[in-house]
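Everything on this sheet refers to the single structure shown next.
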Amino acid sequence: MYREIEVGGNIYKLRLTMRNSVALEKALGKSPIDWFMEVNKSFDENGTPSIRVADVAIILHSMLQSLHHGITLDKTYDILDAYINDGNVIFNLLPVFIEVF
87 MYREIEVGGN IYKLRLTMRN SVALEKALGK SPIDWFMEVN KSFDENGTPS IRVADVAIIL
147 HSMLQSLHHG ITLDKTYDIL DAYINDGNVI FNLLPVFIEV F
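Here you go:
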């Protein structure tokens, strides 16, 4: 069970195992569910959620680990850059993340 995203012509399979969930919680300093709840409450006057890009990178990195062994956090930054270069915005990943959870 995983969710696929296409970035820069590459397909990435996102999945979150228990081990990666625990690592993600440590990296965020809080439960990922708490993180999503905070994002859900933090929309600005334009309707854009207030999120730290570093958190998005950490979450994506955690979700890549199960099925893409060896992808580093630096490579995850490259994937996010390619995602934006493909015409996306970082906020489009939030529904994908929720689906993976």
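First residue of the sequence shown: 87, per my numbering; consecutive thereafter.
Heads up, the beta-carbon is just placed ideally off N, CA and C, and yes, glycines get one too.
Beta-bridge partners of residue i, as assigned by DSSP
i     : result
Ile97 : Glu92
Sequence-distant residues of the same chain with beta carbon closer than 7 angstroms to residue i, five excluded per side
i      : result
Val93  : Ile165, Ala168, Tyr169, Asp172
Glu111 : Ser117, Pro118
Ala188 : As displayed, the chain neither begins before 87 nor continues past 187, which places residue 188 out of reach and without an answer.
Leu159 : Ala143, His147
Ile91  : Tyr98, Leu100, Val182
Per-residue DSSP class, three states only, for residue i
i      : result
His147 : helix
Ser107 : helix
Met123 : helix
Lys112 : helix
Phe51  : The displayed coordinates of the chain run from 87 to 187. Any statement about residue 51 would go beyond what the structure contains.
Thr162 : helix
Ile137 : coil
Asp172 : coil
Leu179 : helix
Residues of its chain near residue i, where Cβ-Cβ distance is below 6 angstroms and the 5 sequence neighbours each way are ignored
i      : result
Val186 : Arg89, Leu100, Leu102, Met149
Val175 : none
Supposed close pair residue i, residue j - CB separation, criterion 8 angstroms
i      : j      : result
Phe183 : Ile145 : 6 angstroms
Leu179 : Val142 : 6 angstroms
Tyr98  : His154 : 6 angstroms
- Query: Would you call the stretch 114-122 and the stretch 154-172 in contact, with 3 or more CB pairs under 8 angstroms?
  - Reply: no
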